[in-house]
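Peer 1:
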Amino acid sequence: MTEPQDIVIVGATGNLARRRLLPALYDLEAQGLLPARGKIVGAARRPMSPDAFRTLAADAVKSAARRPWDEGVWASFARRLDYLPLSGEGLGGLHQRLSEKSRLFYLATPPAAFGPIVRDLAAHGLVEGTRLIIEKPFGRDLASAKALHQEMRGVLDESQIFRIDHYLGKETVQNILVFRFGNSVFERVWNRDAIDHIEITVAETVGVDGRGDFYEGIGALRDVVQNHMLQILSLLTMEPPASFHAEAIRDEKVKLLRAVRPVDPREVVRGQYVRGRIDGREVPGYRDEENVAPGSETETFVALRLWIDNWRWAGVPIYLRTGKRLPRTATEIEIAFRDVPTSYFAGTFVHQLQPNQLTLCIQPSEFIQFSFLAKKPGPEIEVKPVTMRFDYEAAFTAEPPEAYERLLLEAMEGDRTLFVRGDSVEQAWGVLQPVLDAPPPLLFYPAGTWGPPEAGALLAPKTWHLT
């Protein structure tokens with residue numbers, strides 16, 4: 075249970091609030107994890123009464139909450155809800171609605187509004203005792219990210235800013251550090267001596283989901299690679315932190331990103347989906363989507379190879395791949411270990427040995443799987459790949475919290491471990507800046523395929539694990 079605290083959602087009538095935030099807060103209420111005292115105030119431009127906002131929230135909870143509707147839980151939750159239409163006075167009207175000294179603001183708004191909202195908080199004396207959550211993207215490139223951070227730090231201390239990346243709230247992502255540093259059998263081989271290469275894939279079957287106007291200005295590199303994928307990479311490859319305290323972990327993530335070589339555009343494949351078939355149905359190409367320019371050059375697919383120039387990872391290629399309208403929805407990390415010599419097996423039926431592989435699946439299911447070789451039954455020496463698998467759902471009876479539930483709770487408690495620090499954001503933009511400055515030519519792939527064929531050439535003669 076956290077201290078008494080008010081929560082303000084700016085942009086409370088938008089998709090993010092309705093699909094994620096209000097359902098997550100209801101689920102926290104159902105678990106008794108919200109503060110005993112504290113309001114949840116929605117603020118947006120749409121004129122609306124508090125009762126109308128409660129109706130909107132009820133619809134959101136019924137359609138998207140993880141836990142079933144419960145009249146008692148809803149009654150308790152609804153008593154917290156209030157609404158402020160944003161008019162000429164801006165956020166000044168909150169003074170009459172907030173009762174607690176501790177406040178959490180969630181800016182569920184376009185990034186262009188972050189600066190004006192922060193200035194409005196300062197103008198109305200709402201900075202002291204405030205924590206502020208903002209959603210990606212944090213800028214469009216290195217220069218704009220620095221400008222955004224400078225503007226926000228002119229009003230808020232860095233310790234008050236919580237940059238959210240919902241991937242960091244997923245159980246398997248958080249388990250990366252425990253898996254690495256809590257199991258000596260893996261940490262001893264977590265380096266260039268044993269690992270051949272690493273793959274991270276974030277694949278989606280969906281298109282832009284009616285958000286063509288939003289996606290047009292961003293693309294896959296900014297939308298997924300700069301944040302989700304580089305944050306996962308930093309946890310996967312960073313050095314052991316001095317402790318599990320927030321700043322110790324975030325310090326090591328930044329040190330790792332400083333060691334990542336800026337990506338060479340020649341090691342990048344950009345793609346855009348055209349008309350194709352997903353799950354047996356025909357889907358339009360990206361340029362045919364609503365609010366997308368007919369000649370759009372926005373990429374919906376990126377595959378790239380990058381390098382970490384430090385002692386642990388020197389010479390180990392790391393492959394990142396993400397795209398929309400791919401054959402499967404999945405987020406997976408693949409650790410491919412080095413080949414072993416086959417000379418020991420001379421004179422047997424073994425002519426080739428498949429390297430060991432470690433798979434960490436983040437979604438749609440959460441599991442960790444290790445592949446190794448075993449002898450097949452029989453008089454001859456023959457081998458076959460077999461697997462050991464740990465499945466979260468099978469191993470633990472308690473259902474893990476949804477990512478936004480966990481992250482909201484962490485923010486309410488002031489724990490910054492799962493949030494992204496400003497210098498980490500800037501380092502990630504620096505890694506990708508050469509590609510933003512000189513993007514490679516756009517290639518095309520039919521919806522329902524794994525992107526342009528050129529993406530496979532990045533790994534040649536090896537192939538992507540997830541196909």
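Just remember that the working numbering sits 74 ahead of the position in the sequence shown, which is counted from 1. Glycine residues also receive a C-beta, built at the ideal position from the N, C-alpha and C atoms. Every value quoted in this text rests on a predicted model; they were computed, and no experiment measured them.
Excluding the 5 residues preceding and the 5 following L168 in the sequence, name in chain order all residues of the same chain whose CB lies nearer than 8 Å to its CB.
Peer 2: Spatial neighbours of L168 in its own chain (CB-CB distance under 8 Å, excluding positions within 5 residues in sequence) are listed in chain order as V82, V115, A117, L158, H198, L200.
Peer 1: DSSP puts P159 in a beta bridge; with which residues?
Peer 2: A118
Peer 1: According to DSSP, is F318 part of a helix, a strand, or is it coil?
Peer 2: coil
Peer 1: Cα separation between N265 and T183?
Peer 2: 41 Å
Peer 1: Out of I409, T372, G293, point me to the one whose CA is closest to I269's CA.
Peer 2: I409
Peer 1: Pop quiz: E440 and K449 are said to be a contact at Cβ under 8 Å. What is the actual Cβ separation, rounded to whole angstroms?
Peer 2: Wrong, their Cβ atoms sit about 31 Å apart, outside the cutoff.
Peer 1: Going by DSSP in three states, P459 sits in which element: helix, strand or coil?
Peer 2: strand
Peer 1: Distance check for I352 and L481, CA to CA, integer angstroms please.
Peer 2: 32 Å
Peer 1: Alpha carbon to alpha carbon, how far is E373 from G359?
Peer 2: 12 Å
Peer 1: Could you tell me if A221 is buried or exposed, where buried requires 16 or more neighbouring beta carbons within 10 angstroms of its beta carbon?
Peer 2: exposed
Peer 1: Measure from the alpha carbon of G291 to the alpha carbon of each residue in R214, H223, P314, then state which is nearest.
Peer 2: Of all alpha-carbon atoms in R214, H223, P314, the one lying nearest the alpha-carbon of G291 is that of R214.
Peer 1: How about Y347 and A187: are their beta carbons less than 9 Å apart?
Peer 2: no
Peer 1: Straight-line CA distance for F411 to Q431?
Peer 2: Just so you know, the alpha carbons of F411 and Q431 end up roughly 6 Å apart.
Peer 1: How far does the alpha helix (DSSP H) with V135 in it extend, from its first residue to its last?
Peer 2: 124–138
Peer 1: With the cut-off set at 9 Å, would you say Y519 and F375 are in Cβ contact?
Peer 2: yes
Peer 1: Check for me: the alpha helix (DSSP H) holding Y478 runs from which residue to which?
Peer 2: 477–486
Peer 1: By alpha-carbon positions, which one of G397, D489, D338 ends up nearest to P526?
Peer 2: Closest option to P526, judged by alpha-carbon separation, among G397, D489, D338: G397.
Peer 1: For Q79, count neighbouring C-beta atoms within 10 Å of its own C-beta (all shown protein chains included) and say buried if the count is 16 or more, exposed if not.
Peer 2: It is buried - the Cβ of Q79 has at least 16 other Cβ atoms within 10 Å.
Peer 1: Between K327, R92, L172, A104, which lies nearest to V499 when the distance is taken from Cα to Cα?
Peer 2: K327
Peer 1: Can you give me the C-alpha to C-alpha distance between A534 and E261, rounded to a whole angstrom?
Peer 2: 28 Å
Peer 1: Which residues does DSSP list as the beta-bridge partners of H169?
Peer 2: In DSSP, H169 forms no bridge with anything.
Peer 1: Could you check the C-alpha separation between G85 and I208 for me, to the nearest Å?
Peer 2: 12 Å
Peer 1: Looking at Q234: is its Cβ nearer than 9 Å to the Cβ of T204?
Peer 2: yes
Peer 1: Whose C-alpha, out of G286, F444, R340, is nearest the C-alpha of A377?
Peer 2: The candidate whose alpha carbon is nearest that of A377 is R340.
Peer 1: Going by DSSP, what residue range makes up the alpha helix (DSSP H) through R153?
Peer 2: 145–154
Peer 1: Identify the continuous alpha helix (DSSP H) that holds H223 and give its terminal residues.
Peer 2: According to the DSSP assignment, H223 belongs to the alpha helix (DSSP H) that extends over 216–227.
Peer 1: Select from P185, P190, W143, D144 the residue whose C-alpha is nearest the C-alpha of L542.
Peer 2: Outside the modelled stretch of the chain, which goes from 75 to 541, sits residue 542, for which no answer is possible.
Peer 1: I'd like the list of long-range same chain contacts for R120, defined as Cβ closer than 8 Å, with 5 residues on each side in sequence excluded.
Peer 2: T87, P159
Peer 1: Within the same chain, show all residues whose beta-carbon is closer than 8 Å to that of A322, passing over the 5 residues directly before and after it, in chain order.
Peer 2: P315, A316
Peer 1: Could you name the residues of the same chain whose beta carbon sits closer than 8 Å to that of G369, not counting the 5 residues immediately before and after it, in chain order?
Peer 2: Cβ neighbours of G369 beyond the five flanking positions: R361.
Peer 1: From E313 to D133, what does the alpha carbon distance come to, in whole angstroms?
Peer 2: 45 Å
Peer 1: Give me the Cα-Cα distance between W524 and A104, rounded to the nearest whole angstrom.
Peer 2: 41 Å
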